[in-house]
Structures are given as structure tokens and as C-alpha cells.
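Colleague: Sequential numbering from -1 applies to the sequence shown in my numbering.
We put the beta carbon where it would ideally sit given N, CA and C, even for glycine.
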Amino acid sequence: MDLEDNLLMMPGPVPVPPRVLRAMSKPMINHRGAQFSGIYDDCRRILADVFETENDIFVLSSSGTASMEAAVGCIADKDDRIISIENGKFGERFKDIASRYGSVVPLEFEWGSSVDLDMLEAQLQEGAKAVTMVHNETSTGILNPAEQVGKLAKKYGSLFVMDGVTSLGGDNVFVDDWGVDVAVVGSQKCIGAPPGLSMLSVSEAAFDAMEKESLPYYLDLKACKKSADKEKTQTPYTPAIPLFYALQESLHIIEEEGMDARIERHHKGAAAVRAAMDAMGIEMFPQLNEYSAYSNTVSAMKAPAGMDSETLKKEMMKSGITIAGGQAHLKGKIFRIGNMGNVSYRDILSTLQQIEVVFKKRGVVSDLGPATEAAIEVLCK
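(1) Thinking C-beta only, is residue 113 closer than 9 Å to residue 147?
(2) Per DSSP, which one or two residues make a beta bridge with residue 135?
(3) Taking 8 Å as the threshold, find out whether the stretch 44 to 64 comes into contact with the stretch 193 to 212 through three or more Cβ pairs.
(4) Rounded to a whole number of angstroms, what is the C-alpha to C-alpha distance between residue 66 and residue 95?
(5) Let me make sure I understand the geometry here. Which of 222, 167, 201 and 376 has the alpha-carbon closest to that of residue 177?
(6) Tell me where the beta strand (DSSP E) around residue 210 begins and ends.
(7) Pick from 78, 138 and 288: whose alpha carbon is nearest that of residue 88?
(8) What do you reckon, are the CB atoms on residue 151 and residue 122 nearer than 9 Å?
(9) Quick one, which of 239, 297, 321 and 207 has its alpha-carbon nearest residue 281's?
(10) By alpha-carbon positions, which one of 170, 115 and 90 ends up nearest to residue 135?
(11) So, at 8 Å on beta carbons, what are the nonlocal neighbours of residue 174 in its own chain, with the 5 sequence-adjacent residues on each side left out?
(12) Tell me the rounded alpha-carbon separation between residue 7 and residue 130.
(13) When the Cα of residue 249 is compared with those of 126, 339 and 357, which residue comes out closest?
(14) Does the stretch 331 to 347 come into contact with the stretch 229 to 244, if we say contact requires no fewer than three beta-carbon pairs (one atom in each stretch) closer than 8 Å?
(15) How is the beta strand (DSSP E) around residue 306 delimited, first residue to last?
(16) Measuring CA to CA, which of 35, 10, 4 and 14 is closest to residue 239?
(17) Is the beta carbon of residue 269 sitting closer than 9 Å to the one on residue 350?
(18) Among 39, 28, 315 and 120, whose alpha-carbon lies nearest the alpha-carbon of residue 227?
(19) I'd like to know if the stretch 219 to 233 and the stretch 4 to 23 are in contact, where contact means that at least 3 CB-CB pairs between them fall below 8 Å.
(20) Quick check on DSSP: helix, strand or coil for residue 104?
(21) Along the chain, which unbroken stretches of the alpha helix (DSSP H) at least 4 residues long are found entirely within the stretch 139 to 183?
(22) If you drop the 5 nearest sequence neighbours on each side, which residues of the same chain put their C-beta closer than 6 Å to that of residue 84?
(23) Could you tell me which of 156, 2, 257 and 28 sits nearest to residue 48, measuring between CA atoms?
(24) If you draw a straight line from the C-alpha of residue 167 to the C-alpha of residue 342, how long is it?
(25) Going by DSSP in three states, residue 6 sits in which element: helix, strand or coil?
(26) Residue 355 lies in the beta strand (DSSP E); which residues open and close that run?
(27) Have a look at residue 19 and residue 171 and give me their C-alpha separation to the nearest angstrom.
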């Protein structure tokens, strides 16, 4: 099947609109000149609305993982106590990154289960330079309590470093109101651009905490600030100019749609997936408590009895639809459907219809239609 006909319904990379792809074909420009400065300033202006922040915002020519490392690598020294919350694959990654730079206190929960805030507070009472957490854990489809974690971190004088890679641009994120000192997002998720850029906001408190003698070289956030504060805004090192073109166009699409409408679209899309799964008797994977919620940008479900998720993925690929399975020990046990970026309701319905067909062929469901009808009812509200 031609790649252009393949529908990406995974938690990133996401489908990229033609106008964004066309933007990448513009001629190269001087990355120290006024034209690039204008592009960077325009991106940062719109990103401030996406992040809901007045903090400094920077764009790195790198994936979201690099910005995660920049955040921790600039703040933490080897003896600094860093509490790392883990309840999924990317929380584990944040923990592993932090362990390279500071003295990590792992706060680990079963993947897909909820964060215990009492356990976090008990650790914070012993002191910590920072707390790291993934807001929207795509490996398990759970939305973690960023607001509550931010308040606890501030109560005990700790920085809050948040991976918002798959929530910013698609869900409610209030960086300043929640007290997030460093927030990270990737270009290929809810922002709707190609992979290769990451954006992060950095508070004054975070900059004040960068006291270590040896900061990372390429990922030095102080160097990012120094370059961004110049008369002609720039990056410390050569930026991926075509990706900046794409990012700017993607952000213009976000601005045209409006953040409130965009967030509502993501919420409805995820609710439609959940309604369809309920109609088919498929169980959601996350185990929620009063502070957690189902993700609004990716849904994670348990594989039905007698059919592993890898088989479902292969069956879906035959029809040109890419969904995701489980990672690490969850491989074969769960499947995931993304509704990030510019994924349309039509894309969601096409995916659900095909899943229903596969399940009918495999004897998981007896009738075609109820799942799709349940999703349509949600989307038409």
C-alpha cells in the first residue's frame, strides 16, 4: 500500500497537513538573519498561548527526549535529590534521564495505575531539588494529575519538571497556574508537525536553580536564553530550518482553529473511542483514582480475550490503518489509538469501523454497527 494512503492513528508521529509539508520546501535562509528571527518570534508567540505561560520558550532541533534531558541536565547536579514519578514507559525514561545527572528517588507505580499523591508528599517532606512527571502517559493512556503535583512541589520548595509531549496542543495545560517550572512538548504529537523539534518553557526559578559548574553543551538552556534574547532572536546552534517552517505553519493552523476548539475536538475524539470500546465490551487499560483521568489524546485498551494486540495491529495494517500496541511487558496485551494533532472525526470513525470488522471476523463481537453508532452519538453532540 502506498504510504500516502496509510492512516496514522498512533500516538505520534501524526498525519501532517499538505500545507505544512509544502512549507518545508521553502528556500534556505540565513539562520542568523532577520527572516529566521521573525519565524522564531512568531513560533514563540503562539507557543506562549499553547503553554499558557509567560515564561521563556525555546525551540530545540531535537526530539522531545532531548528537551527532557536539557531540563534535568541543566538543573540537577550529582548530589541533588530528584523525585521521578513513573507509571508508564515515558515516566521510566524520565527517571533514567534524571539518574544520569542527579540522585534519583524513584516513585514507581504499576504501569497504567494512578499516582499516589500521599506517597509523593511523604518524599517531598524529605526535600528534593525537583520532581519529574509525564503529564499524559501515552504508553498506558492515563492523564496524570499535573496540577496537584505542581502544588505539592511548590509547597515543599521543589521544582516541577513536566513532560507535556502529548498533552500540550491537544489538552488543557496551564503551565503558570500549575506551577510548572519546565514543560516540554514534541513537534510530532498534538502540535501536528513532523518529528525533529521540541519546545520547552522555562521559569525564572528553574534558571535560578541552574547553579552547577558544568552544564550540557548542546542542551544548555542558558545558551538558549542568551541567543533568544539577542536583538535578532536565534538559536545557539544551527536550527533545522525546514522544520521551523513546518512548525510555524502548524502553529498557524492551531491559531486559526483556536485552542479551546482544538482541545474540545481532542476531548470528543477520545470520548468517541471510549464509547465505541464500551459498546464492544472492550475494557480500558488505565486504573483511575480521583485525581487521574483517561487520556484525551490517546486511548489504551486491553486486548480482547483470545486475540493479542499484535494480531490486531497486523489486521489493521492490511486496510492501511496504523494503530499502536503495548510497549515492553505490555506488548501483545494492550492496543492504543491516537487522536492527536489534525486527526479528523472521519479518521476516528474509519479506524473504529475497521476495528469492529476485525473483531467481527475474529469472533470478538457478534454484530457490526453498535461501536460506530456509539462513537457517532458522541461526536454529534
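Modeller: Taking the geometry as given:
(1) Position 149 of the sequence shown, counted from the start, is the residue given in the question as residue 147. Position 115 of the sequence shown, counted from the start, is the residue given in the question as residue 113. Inclusion of residue 147 and residue 113 in the CB contact set at 9 Å is warranted, their separation being smaller than that value.
(2) Stepping through the sequence shown from its first residue, residue 135 is reached at position 137. Answer by DSSP bridge pairing, in chain order: 140.
(3) yes
(4) By one-based count along the sequence shown, residue 66 stands at place 68. By one-based count along the sequence shown, residue 95 stands at place 97. Between residue 66 and residue 95, the C-alpha separation is close to 8 Å.
(5) Taking the first residue of the sequence shown as 1, we reach residue 177 at position 179. Here the closest residue by C-alpha is 201.
(6) If you number the sequence shown from 1, residue 210 lands on position 212. That residue, residue 210, is in no beta strand (DSSP E); it is neither H nor E in DSSP.
(7) The residue labelled residue 88 in the question sits at position 90 within the sequence shown. It is 138 whose Cα lies nearest to the Cα of residue 88.
(8) Walking along the sequence shown from the start, residue 151 turns up at place 153. Walking along the sequence shown from the start, residue 122 turns up at place 124. Taking 9 Å as the Cβ cut-off, residue 151 and residue 122 qualify as a contacting pair.
(9) As a position in the sequence shown, residue 281 is number 283, starting the count at 1. Minimum Cα distance to residue 281 is reached at 297.
(10) Taking the sequence shown and counting its residues from 1, one reaches residue 135 at position 137. Considering only alpha carbons, the answer is 90.
(11) Numbered from 1 along the sequence shown, position 176 holds the residue referred to as residue 174. 50, 51, 52 and 53.
(12) The residue given as residue 7 occupies position 9 in the sequence shown. The residue given as residue 130 occupies position 132 in the sequence shown. Computed Cα separation, rounded: 28 Å.
(13) Stepping through the sequence shown from its first residue, residue 249 is reached at position 251. Of all alpha-carbon atoms in 126, 339 and 357, the one lying nearest the alpha-carbon of residue 249 is that of 339.
(14) no
(15) Taking the first residue of the sequence shown as 1, we reach residue 306 at position 308. That residue, residue 306, is in no beta strand (DSSP E); it is neither H nor E in DSSP.
(16) Counted from its first residue, the sequence shown places residue 239 at position 241. Among 35, 10, 4 and 14, the Cα nearest to that of residue 239 belongs to 35.
(17) Your numbering for residue 269 matches position 271 in the sequence shown. Your numbering for residue 350 matches position 352 in the sequence shown. For residue 269 and residue 350, no; Cβs fall outside 9 Å.
(18) Residue numbering aside, residue 227 sits at position 229 when the sequence shown is read from its first letter. Of the listed residues, the one whose Cα sits closest to residue 227 is 39.
(19) no
(20) Counted from its first residue, the sequence shown places residue 104 at position 106. Assigned with DSSP and collapsed to three states, residue 104 falls in strand.
(21) 144 to 153 and 173 to 176
(22) Mapped onto the sequence shown, residue 84 falls at position 86. Non-local C-beta neighbours of residue 84 in its own chain, meaning closer than 6 Å and more than five positions away in sequence, comprise 90, 93 and 106, ordered along the chain.
(23) As a first step, residue 48 must be located in the sequence shown, where it is residue number 50. Among 156, 2, 257 and 28, the Cα nearest to that of residue 48 is on 257.
(24) The residue labelled residue 167 in the question sits at position 169 within the sequence shown. The residue labelled residue 342 in the question sits at position 344 within the sequence shown. Rounded to whole angstroms, residue 167 to residue 342 spans 15 Å at the Cα level.
(25) Position 8 of the sequence shown holds residue 6. In the displayed model, residue 6 falls within a strand according to three-state DSSP.
(26) Here the question's residue 355 lines up with position 357 in the sequence shown. Element bounds for residue 355: not the beta strand (DSSP E) but the alpha helix (DSSP H), 343 to 359.
(27) One-based indexing of the sequence shown puts residue 19 at position 21. One-based indexing of the sequence shown puts residue 171 at position 173. Near 27 Å, if we compare the C-alpha coordinates of residue 171 and residue 19.
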